[in-house]
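In the working numbering, the protein residues as written are 320 to 480. Even glycine gets a Cβ: it sits at the ideal position worked out from N, Cα and C. For reference, the structure discussed in these notes is given below.
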Amino acid sequence: MRLMTSDPRTSLGFMLHDATRLLRKHFEARGSEYGLSSAQWRMLVLLVKEEGAAQARLAELLEIEPISVSRLLDRMEEGGWVERRPDANDRRVRMAFPTDKARVVFGKVKEMAAEVYETALAGLSDEERLVLMKGLKTICDNLSDGECTVGGAATKMGTAK
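Right, here's the structure in full:
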């Protein structure tokens, strides 16, 4: 199968981008009841998984500028989603922590995400789903060039992180 076609809408890059865009659109529509933007959802997920992460680390993980992380955290702190504390070893460093409110909503978001993923994967057999995930992981590994792999650490297919 040729991945580069004369129709750019069926190229690998376009299809990956479009799938990501459509997933984001569904997440935003389903998650809007909590009043968080997609960037804030991504931040919330990172904070629950990397509780106490430094703002510089969050900027790396989100691939955005540190000032943007600071503004994002400002808005989330005002909404009661995060708490920032100085690092015990370096008071110049600010660490971000999810609040109890964020943890409760995170559980609901995981359920909602499972529903969105199920909708996205409808019509694919279990075997096709595994092949898709393995293929996407391989693409990420091939292009990572020494950067963190999927999920921020090397993972085995079929295991949850």
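Within the same chain, show all residues whose beta-carbon is closer than 7 Å to that of residue i, passing over the 5 residues directly before and after it, in chain order.
i: L391; result: A358, Q359 and M362
i: L440; result: R448
i: A375; result: P385
i: M395; result: Q359, M362 and V401
CA-CA distance, residue i and residue j?
i: G442; j: L342; result: 16 Å
i: T438; j: H345; result: 10 Å
i: S330; j: T339; result: 14 Å
i: A373; j: T418; result: 16 Å
i: L365; j: E384; result: 16 Å
i: A479; j: E352; result: Residue placement at A479 is poorly supported in this model, since its pLDDT is 38, which falls under 50; the coordinates still yield a value, given next. Roughly 28 Å separates the two Cα atoms.
i: E402; j: E369; result: 14 Å
i: D464; j: N408; result: 32 Å
i: T457; j: Y436; result: 20 Å
i: R410; j: D445; result: 49 Å
Less than 6 Å between C-beta atoms, sequence neighbours within five positions excluded: which residues of the same chain meet that for residue i?
i: M431; result: R349
i: A421; result: L363 and W400
i: L380; result: L365
Which word fits residue i, buried or exposed, when buried means at least 16 other C-beta atoms lie within 10 angstroms of its C-beta?
i: M277; result: Since the first residue of the chain shown is 320 and the last is 480, residue 277 is not available in this structure.
i: V388; result: buried
i: P327; result: exposed
i: V428; result: buried
i: V450; result: exposed
i: A415; result: buried
i: L455; result: exposed
i: A472; result: Unreliable positioning characterises A472 in this predicted model, as indicated by a pLDDT of 42, which lies under 50. The coordinate reading is nonetheless provided below. So A472 counts as exposed.
i: V424; result: buried
Go to residue i, then tell me how far its alpha helix (DSSP H) extends in each direction, as first and last residue.
i: I383; result: First-last for I383: undefined, no H or E at that position.
i: S444; result: No alpha helix (DSSP H) contains S444, which DSSP labels as neither H nor E.
i: R349; result: L331 to G350
In its own chain, which residues sit with a C-beta less than 8 Å from the C-beta of residue i, not counting the 5 before and 5 after it?
i: G354; result: G398
i: A378; result: E384, P385, S387 and V388
Give, in chain order, every unbroken run of the beta strand (DSSP E) that is at least 3 residues long and sits entirely within the stretch 385-428. 401-405 and 413-417
Output the residue ranges of the alpha helix (DSSP H) runs that lie fully inside the stretch 352-377 and measure 4 residues or longer, sorted by chain position. 357-368
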